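> The structure's right below; bear with me while I get my questions together.
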Amino acid sequence: MRTHVGIIGAGPAGLMLAHLLHRKGIEAVVIECRSRQEIEKTIRAGVLEQMTVDLLNETGAGERMMKMGMFHKGIEIRFNGKRHRIDMHRLTGGKNITVYPQHEVLKDLIAARVKAGGEMFFNVSDVRLSDLDSSEPKIHYQNENGEREELICDYIAGCDGFHGPSRQSIPQKIRKEYQKTYPYGWLGILAQAPPSAPELVYAHHEDGFALLSTRTPDIQRLYLQVNPSDSMNDWPDERIWEKLRLRLSADDGWKLIEGPIIQKNIVSMRSFICDPMQYGRLFLAGDAAHIVPPTGAKGLNLAMADVQLLAKALHDYYAAGETERLGRYTAACLRRVWKAERFSWYMTSMLHRHHDSTPFDYQIQLAELDHVTTSKAAAQSLAENYVGLPLELEEPSLSII
Ligand code: RFL
Ligand code: PHB
Numbered sequence: 001m002r003t004h005v006g007i008i009g010a011g012p013a014g015l016m017l018a019h020l021l022h023r024k025g026i027e028a029v030v031i032e033c034r035s036r037q038e039i040e041k042t043i044r045a046g047v048l049e050q051m052t053v054d055l056l057n058e059t060g061a062g063e064r065m066m067k068m069g070m071f072h073k074g075i076e077i078r079f080n081g082k083r084h085r086i087d088m089h090r091l092t093g094g095k096n097i098t099v100y101p102q103h104e105v106l107k108d109l110i111a112a113r114v115k116a117g118g119e120m121f122f123n124v125s126d127v128r129l130s131d132l133d134s135s136e137p138k139i140h141y142q143n144e145n146g147e148r149e150e151l152i153c154d155y156i157a158g159c160d161g162f163h164g165p166s167r168q169s170i171p172q173k174i175r176k177e178y179q180k181t182y183p184y185g186w187l188g189i190l191a192q193a194p195p196s197a198p199e200l201v202y203a204h205h206e207d208g209f210a211l212l213s214t215r216t217p218d219i220q221r222l223y224l225q226v227n228p229s230d231s232m233n234d235w236p237d238e239r240i241w242e243k244l245r246l247r248l249s250a251d252d253g254w255k256l257i258e259g260p261i262i263q264k265n266i267v268s269m270r271s272f273i274c275d276p277m278q279y280g281r282l283f284l285a286g287d288a289a290h291i292v293p294p295t296g297a298k299g300l301n302l303a304m305a306d307v308q309l310l311a312k313a314l315h316d317y318y319a320a321g322e323t324e325r326l327g328r329y330t331a332a333c334l335r336r337v338w339k340a341e342r343f344s345w346y347m348t349s350m351l352h353r354h355h356d357s358t359p360f361d362y363q364i365q366l367a368e369l370d371h372v373t374t375s376k377a378a379a380q381s382l383a384e385n386y387v388g389l390p391l392e393l394e395e396p397s398l399s400i401i
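Per the UniProt record's numbering, the sequence shown runs over residues 1 to 401.
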């Protein structure tokens with residue numbers, strides 16, 4: 001089989017890339033190791049930046065999001081029993097965030113791909129990449145019937161997440177990897193209960209971090225800081241509610257609305273960057289190239305930003321034989337990715353409880369929380385990062401603030 005762009009992975013990065021390429025008349029084949037059904041029900045991200053929302057709308061995939069999504073103009077930061085609202089809309093000149101679950105975005109993008117008649121193969125296995133530094137890079141895999149396939153491409157997009165084979169296909173001596181693992185995990189739950197608050201609440205408490213998010217008018221999404229080595233057996237439902245009540249408590253009598261827990265899992269927290277994001281004719285996008293801890297709500301949004309740049313660069317090549325933008329892909333992505341890494345690390349450090357921190361460190365952390373909730377400049381910086389930094393397609397020759 002032959003195609004222009006072989007895409008490994010049907011997550012946000014792979015599916016959005018296929019969608020953008022189709023709209024530019026560039027042929028692509030998507031291969032995915034999981035089933036469509038599994039992809040469409042895996043619970044992950046919830047927060048979309050304005051730029052992601054605009055991209056879905058501009059490319060005709062935003063209709064359900066505009067009906068079902070929840071548009072938030074601010075977030076709340078809670079600590080020492082006090083509630084502080086960051087008015088992102090006002091602080092950023094009118095930008096919002098949208099809460100719309102990742103698996104719903106994936107349903108919309110899969111539906112768009114099916115409608116476009118684009119090729120997409122689920123349940124593949126044993127995926128390998130070869131000839132990356134030639135003009136005919138190849139993807140070898142086993143299809144869902146157990147037959148070996150070879151996909152000959154002009155370019156390969158490695159959109160296969162953190163554990164996929166694409167990044168590992170870049171020779172180790174060329175890859176520089178930066179990483180940080182955090183000494184805590186997040187226990188995430190879905191609870192059948194109406195929203196306890198109109199906006200997201202990020203709570204710092206001496207006992208640990210908690211986050212109140214939402215999904216639908218009847219379902220809440222909540223997270224708790226836990227030990228990364230904890231298992232679900234350590235967290236019976238009653239213990240989860242007890243900790244959520246404690247960590248989200250406020251002096252003004254605010255009440256957490258509780259309900260049956262319908263899903264729960266624990267994820268680890270890490271920051272990771274692979275530089276370069278390109279080798280020969282392989283281009284990495286999304287979690288395959290970089291991971292952020294979820295506190296800044298940036299992972300899916302970064303994946304969407306990468307593939308916008310990649311689609312534009314591939315369009316330059318197919319429309320005009322121009323490869324300059326493909327050559328600048330790593331630099332263009334990583335400049336913004338590092339800023340999102342910084343912000344995600346900042347939110348994580350500011351909001352979690354570090355059990356080995358000294359009393360001095362802890363007071364500094366509280367001072368940071370106090371500063372960001374009382375200084376307009378600090379709140380504005382948080383807001384502009386949270387709603388998403390602009391996607392700079394060109395390198396500025398002169399920066400003026
Ligand atoms: P994905 O979503 O991991 O998709 C990769 C796809 O590749 C497939 N794959 C393979 N396919 C073929 N062959 C192989 N050998 C393959 N190996 C893997 C996988 O099955 C999968 O379908 O990566 P992508 O597209 O880069 O998207 C990244 C996002 O999924 C991720 O960054 C976000 O979920 C992160 N994230 C959040 N991001 C946000 O922007 N806003 C949020 O509010 C937010 N909240 C979160 C999050 C991630 C979380 N977890 C679970 C880590 C909250 C949580 C709890
Ligand atoms: C979510 O709703 O899943 C969510 C919200 C905010 C975050 C991370 C995840 O920072």
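Note that beta-carbon positions come from the ideal geometry of N, C-alpha and C, so glycine has one too.
Keep in mind that this is a model prediction, so the values were computed, not measured.
1. What's the C-alpha gap between L200 and C153?
2. For ligand 1, any of its heavy atoms closer than 8 Å to the Cβ of R44?
3. Nearest CA to the CA of G117: which residue from H19, L244, Y182 and T92?
4. Could you tell me if A319 is buried or exposed, where buried requires 16 or more neighbouring beta carbons within 10 angstroms of its beta carbon?
5. Restricting to runs no shorter than 4 residues, where is the alpha helix (DSSP H) found entirely within the stretch 212-258?
6. Just to confirm, are I43 and G9 a CB contact at a threshold of 9 Å?
7. Go ahead and label G388 buried or exposed: buried means 16 or more other beta carbons lie within 10 angstroms of its beta carbon, across all protein chains shown.
8. Could you work out which residue in V29, G259, R342 and F122 is closest to P294 when comparing CA atoms only?
9. Can you determine whether any heavy atom of ligand 2 sits closer than 8 Å to the C-beta of P294, and answer yes or no?
10. With 16 as the cutoff for other CB atoms within 10 Å, does R247 come out buried or exposed?
11. If I follow the unbroken beta strand (DSSP E) through P183, where does it start and stop?
12. Going by DSSP, which residues form a beta bridge with V267?
13. Use the C-beta contact count for V127: other C-beta atoms within 10 angstroms, 16 or more gives buried, fewer gives exposed.
14. For the alpha helix (DSSP H) that T348 lies in, which residues bound it at each end?
15. Three Cβ pairs or more, each shorter than 8 Å: is that satisfied between the stretch 254-269 and the stretch 188-207?
16. Pop quiz: A203 and L17 are said to be a contact at Cβ under 8 Å. What is the actual Cβ separation, rounded to whole angstroms?
17. By the three-class DSSP mapping on this structure, what secondary structure does R83 have?
18. By DSSP, does T295 sit in helix, in strand, or in coil?
19. Is A28 near ligand 1, judged by its Cβ being under 8 Å from some heavy atom?
20. Would the beta-carbon of P165 fall within 9 Å of that of L129?
21. For K243, count the other beta carbons within 10 Å of its own beta carbon; 16 or more makes it buried, fewer makes it exposed. Which is it?
22. How far does the alpha helix (DSSP H) with residue 402 in it reach, from first residue to last?
23. Measuring CA to CA, which of N123, G46 and H140 is closest to L211?
24. Is A285 closer than 9 Å to A303 when the C-beta atoms are compared?
25. Please report how far the alpha carbon of E206 lies from the alpha carbon of L56, in whole angstroms.
26. Output the boundary residues of the alpha helix (DSSP H) element that contains K24.
27. Check L326 in the structure and name its three-state DSSP category.
28. In the structure shown, what three-state DSSP assignment does T98 receive?
29. Name the two residues that bound the continuous beta strand (DSSP E) containing V29.
30. Which residues does DSSP list as the beta-bridge partners of D317?
31. Given 8 Å as the limit, tell me if R221 has its C-beta closer than that to any heavy atom belonging to ligand 2.
32. Looking at the secondary structure, which residues open and close the beta strand (DSSP E) in which E119 lies?
33. Is E40 close to ligand 1? I mean its beta-carbon at under 8 Å from any heavy atom of the ligand.
34. Quick one, which of V124, K24, M277 and D306 has its alpha-carbon nearest Q142's?
35. Here's a check: name, in chain order, each residue in its chain whose Cβ is nearer than 6 Å to the Cβ of N385, leaving out the five neighbours to either side.
36. May I ask you to check if the CB of S349 is nearer than 8 Å to at least one heavy atom of ligand 2?
Checking against the coordinates, here is how it stands:
1. 43 Å
2. yes
3. G117 has its Cα closest to that of H19, out of H19, L244, Y182 and T92.
4. exposed
5. 237-247
6. Result no, Cβ atoms of I43 and G9 do not sit closer than 9 Å.
7. With 16 or more other Cβ atoms from the protein chains shown falling within 10 Å of its own Cβ, G388 counts as buried.
8. R342
9. yes
10. buried
11. K176 to Q192
12. W186
13. buried
14. T348 -> alpha helix (DSSP H) spans Y329 to L351.
15. yes
16. The pair is not a contact, with the Cβ atoms about 36 Å apart (cut-off 8 Å).
17. strand
18. helix
19. no
20. yes
21. Residue environment analysis places K243 among the buried positions, since at least 16 neighbouring C-beta atoms fall within 10 angstroms of its C-beta.
22. The question about residue 402 has no answer here: the residues shown for the chain are numbered 1 through 401.
23. When only C-alpha atoms are compared, the closest one is G46.
24. Taking 9 Å as the Cβ cut-off, A303 and A285 qualify as a contacting pair.
25. 39 Å
26. K24 -> no alpha helix (DSSP H), and no H or E assigned at all.
27. helix
28. strand
29. Counting along the chain, the beta strand (DSSP E) containing V29 begins and ends at A28 to I31.
30. Residue 317 is actually Tyr in this sequence, not Asp. Its beta-bridge partners do not exist; DSSP assigns none.
31. Under cutoff, so the answer is yes.
32. E119 to F121
33. no
34. V124
35. F343
36. no
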